[in-house]
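J.: The numbering of the sequence shown is the working numbering, which starts it at 47 and goes up by one.
I'd like to ask you about the structure that follows.
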Amino acid sequence: MAIPIILGAAILAAGAFGVKKGFDAKRDFDEADKTNEDGKDIVYKADHALSYSHDKANDALESLGRIKFEIYKFKIIPFVDLFNKIKHIEFHGDRINRSLDNPMDQKEFQSIEELALRMKDITVGGIASLGAGGLTGLAAYGSVGLLASTAGGTAIGTLSGVAATNATLAWLGGGSLAAGGFGMAGGALVLGGLVAGPALAVGGMMLASKAEAAKEDALSNLMEAKVYAEKIALAKSATDAMRAHILELTNTLVALDRIFSPLLEGLQSLIEHSRKDFSGMVDYETFSKEDQKGVMMSFAAAKTIKNVLEVQIFDERGVITEASKAIIANTTLEIDR
47 MAIPIILGAA
57 ILAAGAFGVK
67 KGFDAKRDFD
77 EADKTNEDGK
87 DIVYKADHAL
97 SYSHDKANDA
107 LESLGRIKFE
117 IYKFKIIPFV
127 DLFNKIKHIE
137 FHGDRINRSL
147 DNPMDQKEFQ
157 SIEELALRMK
167 DITVGGIASL
177 GAGGLTGLAA
187 YGSVGLLAST
197 AGGTAIGTLS
207 GVAATNATLA
217 WLGGGSLAAG
227 GFGMAGGALV
237 LGGLVAGPAL
247 AVGGMMLASK
257 AEAAKEDALS
267 NLMEAKVYAE
277 KIALAKSATD
287 AMRAHILELT
297 NTLVALDRIF
307 SPLLEGLQSL
317 IEHSRKDFSG
327 MVDYETFSKE
337 DQKGVMMSFA
347 AAKTIKNVLE
357 VQIFDERGVI
367 TEASKAIIAN
377 TTLEIDR
């Protein structure tokens, strides 16, 4: 008669153990859900921060593209047209030119003239004809890169692919990081298959076993999320640095334009009020020394602004070029003098 009582006690004990394990399982599932939510939150915040940083940098690049377009159209092209109306300029023999810190020569004017010719057809259609992709391409590569990107009949507006991946910051979430197999979407995929709580199984031990596995998987996902967030933080830091460089280049260009604009206006006024020959040319040799100096200073400013306009900001990897860094430093010194 004792055996049934012992078996009954054992069954009660087993049932109590199963209930406890069931409570333990629920707690583990709750912890797993909380851990998974924490991981999702980490990824969301990292993605949002990088996306915001990228958008700000891209806006800065488009703004630079607009400024460049305006300078090409309203400053560089008119300067070349005006300068071509002046005859008898002897660059090497001109005393005023030789007295400048950075004397001009014929080849330098030809390079500015070639730039103006490249940009004339583009600027005729207005800034709207470029589209956002064209603006970023113009900002990142200058006229040569912009036109090269359209070789073979590719529309300028489709530059968004080049500008958004390489130039528009190489992106480090869709660019460099993706190349390493961990793009911005990588973390979402890692955490997209978060362990769901298994259906209630027969017996508390089985349930507890699966709950423990869910808890461990959730902790693994959380670690993946933290690693992902660290990589995204590095990407954001690099993107912020790129935006800072773009803004610095923009400020340099704006400062140069403030210097160049009155010189261009003076050149236009000089040519308008000078005596012209039968072909509409004016004679440099008839200018006063002050006016000759103004001509040379306008040329020097055009050369400097052309170099800033045409510098390539990013290389094929989306990294800031040394030439771009150097031109900001050198131009800032010229502006300060």
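Here a beta-carbon is modelled for each residue, glycine too, at the ideal position from N, C-alpha and C.
Nothing here was measured: the structure is a model prediction, and the numbers come from that model.
So the alpha helix (DSSP H) residue 341 belongs to, where does it begin and stop?
T.: Along the sequence shown, one-based indexing puts residue 341 at 295. 335-356 is the span of the alpha helix (DSSP H), which, as asked, contains residue 341.
J.: By the 10 Å Cβ neighbour count, where 16 or more other Cβ atoms means buried, how is residue 134 classified, buried or exposed?
T.: For the purposes of this step, residue 134 is taken as the residue at position 88 of the sequence shown. It is exposed - the Cβ of residue 134 has fewer than 16 other Cβ atoms within 10 Å.
J.: Can residue 119 and residue 317 be called in contact, C-beta distance under 7 Å?
T.: Taking the first residue of the sequence shown as position 1, residue 119 is located at position 73. Taking the first residue of the sequence shown as position 1, residue 317 is located at position 271. Against a cut-off of 7 Å, the Cβ pair of residue 317 and residue 119 comes out as no contact.
J.: Where residue 117 and residue 303 are concerned, what is the direct C-alpha to C-alpha distance, given to the nearest angstrom?
T.: Taking the first residue of the sequence shown as 1, we reach residue 117 at position 71. Taking the first residue of the sequence shown as 1, we reach residue 303 at position 257. The straight-line gap from Cα to Cα measures roughly 8 Å.
J.: Would you identify the three-state DSSP class for residue 117, choosing helix, strand or coil?
T.: In the sequence shown, residue 117 corresponds to position 71, counting from 1. If DSSP states are grouped into helix, strand and coil, residue 117 belongs with the helices.
J.: In terms of DSSP beta bridges, what is residue 329 paired with?
T.: Position 283 of the sequence shown, counting from 1, holds the residue named residue 329. According to DSSP, which records beta bridges pairwise, residue 329 is partnered with 133.
J.: Please name the residue, chosen from 96, 365 and 374, that lies closest to residue 297 on a Cα-to-Cα basis.
T.: What you label residue 297 is simply residue 251 of the sequence shown in a count that begins at 1. Taking only the C-alpha atoms, the option nearest residue 297 is 374.
J.: Relative to the alpha-carbon of residue 293, which residue among 102, 340, 165 and 269 has its alpha-carbon at the smallest distance?
T.: Looking up residue 293 in the sequence shown gives position 247. For the residues 102, 340, 165 and 269, the minimum Cα distance to residue 293 belongs to 102.
J.: Could you check how far apart the C-beta atoms of residue 339 and residue 142 are, in whole angstroms? I think they sit under 8 Å.
T.: Residue mapping note: residue 339 aligns to position 293 of the sequence shown, counting from 1. Residue mapping note: residue 142 aligns to position 96 of the sequence shown, counting from 1. Rounded, the Cβ-Cβ distance is 5 Å, consistent with contact.
J.: Would you mind reading off the limits of the alpha helix (DSSP H) that contains residue 166?
T.: Numbered from 1 along the sequence shown, position 120 holds the residue referred to as residue 166. Here the alpha helix (DSSP H) through residue 166 covers 152-170.
J.: Mark residue 324 as exposed unless 16 or more other C-beta atoms lie within 10 angstroms of its C-beta, in which case mark it buried.
T.: Within the sequence shown, numbered from 1, the residue matching residue 324 stands at position 278. Classification for residue 324: exposed.
J.: Would the beta-carbon of residue 88 fall within 7 Å of that of residue 260?
T.: The count along the sequence shown starts at 1 and reaches residue 88 at position 42. The count along the sequence shown starts at 1 and reaches residue 260 at position 214. No. Outside cutoff.
J.: Residue 106: which of 328, 359, 348 and 266 sits nearest, CA to CA?
T.: On the sequence shown, position 60 is the one that residue 106 refers to. Ranking the options by Cα distance to residue 106, first place goes to 359.
J.: One question on the structure: do residue 265 and residue 85 come within less than 7 Å of each other, judged by their Cβ atoms?
T.: Numbered from its first residue, the sequence shown carries residue 265 at position 219. Numbered from its first residue, the sequence shown carries residue 85 at position 39. In this structure, residue 85 does not lie closer than 7 Å to residue 265 by Cβ.
J.: Using the rule of at least 16 other Cβ atoms within 10 Å of the residue's Cβ for burial, across every protein chain shown, is residue 108 buried or exposed?
T.: Stepping through the sequence shown from its first residue, residue 108 is reached at position 62. Residue 108 comes out buried.
J.: What would DSSP say about residue 386, mapped onto helix, strand or coil?
T.: Coverage of the chain is limited to positions 47 through 383, which leaves residue 386 absent and any answer about it impossible.
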